[in-house]
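Asker:
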Amino acid sequence: MSTVSVRIDESLISAARTAAKAEFRTVQGQVEFWAKVGRAALDNPDLPASFIAESLMSMAEPREDSTAFVRRSSAKA
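Residue numbers for the sequence shown follow this note's numbering, beginning at 358 and rising by one.
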């Protein structure tokens with residue numbers, strides 16, 4: 358993966374540093390995550406940003422850590 362240097366306001370980097378620590382990401386990873394959430398939010402204005410963020414996080418989880426969907430048995434009348 359190639360990288361590019363960009364100038365970002367120090368206050369945004371400071372916020373990313375704080376969020377990255379809480380989310381166990383690098384500062385670069387946090388800024389990339391925010392960019393992905395923002396891009397997806399612009400592409401899907403009908404979806405809440407929190408739903409987009411949670412969806413992106415779940416897609417990044419290792420498959421072996423996932424829980425298989427188990428259908429509930431039908432309620433008996």
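Heads up, the beta-carbon is just placed ideally off N, CA and C, and yes, glycines get one too.
Bear in mind that the values here come from a model prediction, so they are computed numbers and not experimental data.
Take residue 425 and list the residues in its own chain whose beta-carbon comes closer than 7 Å to its own, dropping the five residues that flank it on each side.
Answerer: Within the sequence shown, numbered from 1, the residue matching residue 425 stands at position 68. None.
Asker: Quick one: does the C-beta of residue 389 sit closer than 7 Å to a heavy atom of the ligand HEM?
Answerer: The ligand HEM is not part of the structure shown, which contains no ligands of any sort.
Asker: When you compare each of 409, 365, 358, 415 to residue 388 by their alpha carbons, which one comes out closest?
Answerer: Taking the sequence shown and counting its residues from 1, the one referred to as residue 388 is at position 31. Per the Cα distances, 365.
Asker: Spatial neighbours of residue 376 within its chain, please: CB distance less than 7 Å, with the 5 preceding and 5 following residues excluded, ordered by chain position.
Answerer: On the sequence shown, residue 376 is found 19 positions in, with the first residue counted as 1. Excluding sequence neighbours, residue 376 sits near 387.
Asker: Taking the C-alpha atoms as reference points, what is the distance between residue 374 and residue 391?
Answerer: Numbered from its first residue, the sequence shown carries residue 374 at position 17. Numbered from its first residue, the sequence shown carries residue 391 at position 34. Going from the Cα of residue 374 to the Cα of residue 391 covers about 12 Å.
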